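Have a look at the structure below before the remarks.
Number of protein chains: 2
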Amino acid sequence: MPRPEPTPPSPYPMPFTRVETVTLSLMEARLRVLLVRRAAAPFAETWALPGGVLRIDRDASLEAAARRVLRERLAVDAGDLQQMETVGGAQRDPRAPWTLSVVYRALVPAGSLVPVPGKRVREVAWFDVDHELPSRPLAFDHGPLIARAVARLRADVARLELPLGALAPTFTLGELQAWCEQLLGRNLDKSSFRRRLAERDLVEALPGERREGPFRPAQVYRAREATPHD
Amino acid sequence: MPRPEPTPPSPYPMPFTRVETVTLSLMEARLRVLLVRRAAAPFAETWALPGGVLRIDRDASLEAAARRVLRERLAVDAGDLQQMETVGGAQRDPRAPWTLSVVYRALVPAGSLVPVPGKRVREVAWFDVDHELPSRPLAFDHGPLIARAVARLRADVARLELPLGALAPTFTLGELQAWCEQLLGRNLDKSSFRRRLAERDLVEALPGERREGPFRPAQVYRAREATPHD
DNA sequence: TCAAAAGTGTTGCTTGTACACCCATGT
DNA sequence: ACATGGGTGTACAAGCAACACTTTTGA
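Those protein sequences? They're chains A and B, same order as listed. Using my numbering, the first residue of the first sequence is number 2, and each one after it goes up by one. Using my numbering, the first residue of the second sequence is number 2, and each one after it goes up by one.
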């Protein structure tokens with residue numbers, strides 16, 4: 002009796018369902034977002050977020066769909082992937098009568114990704130979130146989506162809820178602090194920063210040291226996994 | 002050339018797309034969630050969140066869809082409505098090969114809603130989130146969805162990001178404090194509470210006063226709209 | 001005059017910041 | 001030795017909680 006495709010549970014048409022990724026990285030001391038220039042209408046030649054159609058035959062979950070989009074279109078494994086919001090409406094995309102987009106924020110380490118144009122993409126580039134984006138028109142409603150993802154990232158870092166997956170697997174505390182300072186756009190106090198890290202058990206020291214120049218080598222740390230509370 | 006129904010923009014099947022609402026209210030000093038008892042399979046006779054199918058012909062946006070669901074199924078206007086998260090997967094609902102649910106949190110003032118069973122619903126009732134829910138099996142993956150919505154509400158109130166739409170339009174500070182105390186499950190200090198409210202310009206005094214018993218009447222307040230910053 | 005709740009001031013703790021100071025290392 | 005960044009201790013300020021206190025009302 003059951004058919005290979007189950008009976009649709011409702012007679013109503015379903016929305017065109019997509020996943021968009023706000024891919025951020027800290028490059029050359031600037032927070033940048035990865036955008037693709039569209040090859041075809043609508044919004045041909047306009048910069049847009051990389052995204053893709055949800056494939057219910059291939060994606061086990063929404064997060065898996067976001068990972069697939071990043072892998073297929075950008076050949077990158079997102080270190081930190083977080084769902085931001087979901088938007089939907091009739092006017093969002095002229096290709097469909099109603100379009101729903103689940104928006105994910107992806108953070109990748111600097112240099113982990115060489116942007117290469119793929120299908121339906123003319124060009125791929127990183128844009129300075131603070132200095133290049135505001136003056137640039139973006140496709141669809143992608144401008145506000147980026148703004149909200151950036152604001153949330155900065156709020157997270159200010160609270161020291163650090164998306165540590167976006168860093169190299171090991172790092173020194175100086176590197177971590179510089180990373181936070183560049184994101185927030187202001188300097189942090191070294192002593193306070195380290196005490197707050199210690200209180201929260203966010204990082205743990207590793208045996209090794211690292212030498213960067215003609216001065217004292219730094220302790221190497223890594224992100225601490227789930228807090229064991231032992 | 003264009004047909005009434007635009008051409009589907011992709012050949013891929015789209016997910017069964019729904020909106021679920023975690024409707025919370027403070028009743029008899031307890032935080033309660035509104036659940037419906039399902040009349041039909043799957044999960045017949047089991048309690049579930051009220052939800053409905055996204056209707057792209059009638060819903061202008063996802064939030065509008067959530068408002069429609071609340072209006073149609075519960076005859077209530079949500080004072081405060083906030084998107085929580087979106088979940089999706091193949092195993093979530095046996096009726097469809099892949100189901101996506103956008104979850105909203107709705108807060109309604111106590112007594113603003115007389116629960117009446119509707120179509121496909123055998124019964125409607127409020128459940129104490131802390132004492133009744135944990136021992137009760139829920140349909141689908143609705144248990145964790147409620148838990149996350151409740152946790153976020155409590156975190157919001159602890160930070161004094163108050164969903165003031167969930168209260169009566171005017172209130173005294175004593176009522177507001179009692180409301181927060183019942184949500185958080187602990188007592189707050191009156192002086193600190195009022196100073197924090199004042200610093201944030203969350204409320205403003207109205208001309209009237211209110212008498213509740215044989216003692217000093219209280220100043221009446223209302224929620225302050227967008228901060229004018231004048 | 002008393003009870004009950006409104007409303008306010010004062011003290012002290014907790015948390016984060018600012019700043020100063022040693023430590024280790026290669027040139 | 002010294003410049004440079006790693007690492008640590010101490011003093012100060014802001015924000016919040018605990019507590020005490022005064023005020024206003026009807027009974």
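By construction, the Cβ of each residue, glycine as well, lies at the ideal position given by its N, Cα and C atoms. In this text the structure is predicted, and so the values were computed from the model without any measurement.
Residue i at chain A interface by Cβ criterion, 8 Å
{"i": "B:S102", "result": "no"}
{"i": "B:P43", "result": "no"}
{"i": "B:Y105", "result": "no"}
{"i": "B:H230", "result": "Annotation note: pLDDT 40 at B:H230 (below 50); position unreliable, no value reported."}
{"i": "B:A159", "result": "no"}
{"i": "B:R201", "result": "no"}
{"i": "B:E6", "result": "With a pLDDT of only 40 at B:E6, under the threshold of 50, the placement of this residue in the model should not be trusted; the figure read from the coordinates follows. Judged by the 8 Å Cβ criterion, B:E6 is in contact with chain A."}
{"i": "B:R211", "result": "no"}
Beta-carbon gap between residue i and residue j smaller than 8 Å
{"i": "A:D78", "j": "A:A167", "result": "no"}
{"i": "B:R223", "j": "B:V204", "result": "yes"}
{"i": "A:D94", "j": "A:F17", "result": "yes"}
{"i": "A:A140", "j": "A:T47", "result": "yes"}
{"i": "B:S22", "j": "B:A107", "result": "Before going further, note that residue 22 of chain B is Thr rather than Ser in the sequence given. Yes."}
{"i": "A:Q178", "j": "A:K191", "result": "yes"}
{"i": "A:P98", "j": "B:I57", "result": "yes"}
{"i": "A:A66", "j": "A:V37", "result": "no"}
{"i": "B:L75", "j": "B:L35", "result": "yes"}
{"i": "A:L63", "j": "A:V115", "result": "no"}
{"i": "A:Q84", "j": "B:T171", "result": "no"}
{"i": "A:W180", "j": "A:L27", "result": "yes"}
{"i": "A:E213", "j": "A:Q220", "result": "no"}
{"i": "B:R60", "j": "B:R69", "result": "In the sequence on display, residue 60 of chain B carries Asp and not Arg. Yes, the pair counts as a contact, with Cβ atoms nearer than the cut-off."}
{"i": "B:R96", "j": "B:P145", "result": "no"}
{"i": "A:A41", "j": "A:R137", "result": "no"}
{"i": "A:I147", "j": "A:L134", "result": "yes"}
{"i": "B:A152", "j": "B:L185", "result": "no"}
Interface flag, residue i vs chain B, CB-CB below 8 Å
{"i": "A:A156", "result": "no"}
{"i": "A:P98", "result": "yes"}
{"i": "A:T173", "result": "no"}
{"i": "A:M2", "result": "The predicted position of A:M2 is uncertain, since its pLDDT is 35 and thus under 50; a value taken from the coordinates is nonetheless stated next. Not an interface residue."}
Burial state of residue i (16 or more Cβ within 10 Å)
{"i": "B:L207", "result": "exposed"}
{"i": "A:A169", "result": "exposed"}
{"i": "B:L163", "result": "buried"}
{"i": "B:P110", "result": "buried"}
{"i": "B:A156", "result": "exposed"}
{"i": "A:V125", "result": "buried"}
{"i": "A:H90", "result": "Per the sequence shown, residue 90 of chain A should be read as Gly rather than His. Buried is the call here."}
{"i": "B:G53", "result": "buried"}
{"i": "B:V117", "result": "exposed"}
{"i": "A:L161", "result": "exposed"}
{"i": "A:R39", "result": "buried"}
{"i": "B:P51", "result": "buried"}
{"i": "B:E226", "result": "exposed"}
Chain-ordered chain B contacts of residue i [CB-CB under 7 Å]
{"i": "A:P14", "result": "I57"}
Under 7 Å from the C-beta of residue i: neighbouring residues of chain A
{"i": "B:E47", "result": "According to the sequence provided, residue 47 of chain B is Thr. The question's Glu does not apply to it. Within 7 Å Cβ-Cβ: nothing; B:T47 doesn't reach chain A, min ~17 Å."}
Legend entry - Interfacial residues, the segment 137-152 of chain B to chain A, with Cβ spacing under 7 Å: none
Inset, instruction - Identify each residue in the segment 51-73 of chain A for which the Cβ-Cβ distance to at least one residue of chain B is less than 7 Å, and report them in chain order. - result: V54, L55, R56, I57, A61, S62 and L63
Inset, instruction - Give, in chain order, every residue of the segment 15-26 of chain A whose Cβ lies closer than 8 Å to some Cβ of chain B. - result: M15, P16, F17 and T18
Inset, instruction - Taking a Cβ distance cut-off of 8 Å, strictly less, list which residues of the segment 74-91 of chain A are near chain B, in chain order. - result: Q84, E86, T87, V88, G89, G90 and A91
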